[in-house]
Every structure is written in structure tokens, then in C-alpha cells.
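What follows is a set of notes on a single structure, which appears directly below.
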Amino acid sequence: MNTLFTDYAILAVGILVFGIGGAVKGIFGIGLPIVVVTLLGLVMEPIEVIALLPIAIMATNIRQFFFGSVDPSTVSRRYAIFALALIVPMVLSAFWILHVPTHLIQLLTGVSVCLFATTSLFGFRPRVGGGWFWQMVMGLISGAIGGLTSIWGPTMTMYLMARNIDKDEFIAAIGFLFLVGSVPLIVGLFLSGVITADVLFLSAICTVVALISMWMGEKIRGRLSEERFRRVVLIFFLVMGIRLVVIGLWPL
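Residue numbers (the numbering used here): 125 to 376.
Here you go:
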């Protein structure tokens, strides 16, 4: 990571990318990791990009979960099983990050995301309940993918969209689950040697930028109706899926 401190152009790009990612996060409640991995991965090694993300993920979701319009205690109780199911696979899979061909995981995830977003946009909306089974299954899958790629939003978003919850609960639930997931991810990456002191310093700078731009994005989200918000999220979700398919087929 020492090159990050000698190449000011890359540092500037990093700050800009986290600014864009924060704004996207403010509007949709998701998207910071996918934006950062996509754009910053053009000028940095993927493992370096992944190491930068957890602190920003934690900080932005603390804001999203604790400072939203839905009572945090209600959300934490409602999605407790999903949150617990995230933790173990998140930590374990982080230790395999240097050994598993993550492009295969990205490809499979991207195909699933594209199918879900496309069918939902055309009116077919699969429904799942809020019981322990679906929370456990989707939590385990999200945790495994998140530990390997730092991107566990797609499966989480699919689950929440399939439950057809309102905009405010969607934002609060995403914030809670991302916050829970970021803790074991940080622990796993730190123990595996991916996160260093230099990484933490740069991550702190990028996190401040992301929080400021996130606040701006929240102002835009406040102007969207429930149905428009759902459609906009699905369109963004489809773009995320296409991106995952592309890099899965043609890894950089």
C-alpha cells in the first residue's frame, strides 16, 4: 500500500471514487462497495481496494441505521437471525480471499441479480417471508460472498426487495445488516494481514469523504416516492448485476 502515499493521482482518484460511492449510498441505501470496487479497481489491485472498504462500510451504515426514521431496536429484532447468519461465514471466507477464484462467485451472483432485477421490473415479484428459514439461508450466502469480495449487498437486497417492505424499513434494514457484516469482515481481513496501519489511515480519509457525499445523496432520496424508489433501486441493482457478470467472465 506504500504506493498509495507516493502516487497522489491515485490518492485523488480514491477520494473521488469514495465520494461517488457515498452519494450512491445516500440515494439507494446500497452501492458503496460496488462503486468503489468497480472504479478504484481500475487503478489499484483488487485486494487493496477490498482492504479500504470495511471502515467506510461501518461508518456509513452506523449513520444509516441509527439516524434513520425507523426505530433501530425494532429493526435489529426483526432481522436478528439474518445478522447472526452473516457472521461465521464472513470471518471464515475472509481467510480464503487469496485462494478462491472470486470471479466465479461474482459471475454466479451477477446472473442471479440480473434475473431478479429484470423479472421484478417487468412485474414479477417473488415473495419470501420474514421467518427464520429465509433469513438463515440468505444470511449464510451473503456472509460467504461478502468475506470473499467485500460485496454482500446483492443477496441481501434481493431478500429485502422480495419481502416488499417500505422504503424507510429497507434503508434501516440495509444499514443494520451491513453494519453487522462489516465487523467480522474487518476482523477477518485484519487477522489475515490484508488490513495494515497504512490502509487504516487512507481508509479514514476516504470514509470522511463518503459520509459527506452520503448526506447529499440522502437529500435526493427524500424526494422519491415509494414506487419510484423501488424502480430506481431495481435499475441500479440490474446495473450492479451486469457489472458482476462482466468481470466474472473477463476478470481484470
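All residues carry an ideal CB built from backbone N, CA and C; glycine is no exception.
Residue span of the alpha helix (DSSP H) that contains residue i, given as start and end
| i | result |
| --- | --- |
| residue 315 | 291-315 |
| residue 200 | 196-202 |
| residue 361 | 350-373 |
| residue 193 | Per DSSP, residue 193 belongs to no alpha helix (DSSP H) and is neither H nor E. |
| residue 276 | Counting along the chain, residue 276 falls outside any alpha helix (DSSP H), and DSSP gives it neither H nor E. |
| residue 339 | 321-345 |
Residue burial classification, residue i (beta-carbon count within 10 angstroms, cutoff 16)
| i | result |
| --- | --- |
| residue 109 | This structure cannot speak to residue 109, because the chain is shown only from 125 to 376. |
| residue 126 | With a pLDDT of 48 at residue 126, under the threshold of 50, the predicted position of this residue should be treated as unreliable, though the coordinate-derived value follows. When all chains shown are included, residue 126 counts as exposed. |
| residue 328 | exposed |
| residue 133 | exposed |
| residue 142 | buried |
| residue 296 | buried |
| residue 254 | exposed |
Euclidean distance between Cα positions of residue i and residue j
| i | j | result |
| --- | --- | --- |
| residue 258 | residue 196 | 21 Å |
| residue 373 | residue 336 | 35 Å |
| residue 322 | residue 179 | 13 Å |
| residue 244 | residue 366 | 15 Å |
Reference residue i; option with closest CA among the options
| i | options | result |
| --- | --- | --- |
| residue 219 | 190, 269, 209, 297 | 269 |
| residue 338 | 133, 186, 291 | 186 |
| residue 358 | 153, 231, 242, 207 | 242 |
| residue 230 | 277, 188, 143 | 277 |
| residue 286 | 250, 214, 209 | 250 |
| residue 341 | 138, 146, 137 | 146 |
heavy atom of the ligand MN below 8 Å from residue i C-beta
| i | result |
| --- | --- |
| residue 297 | Looking for the ligand MN in the displayed structure turns up nothing, as the structure carries no ligands at all. |
Which complete beta strand (DSSP E) runs does the region 128-172 hold, if anything under 3 residues is left out? none
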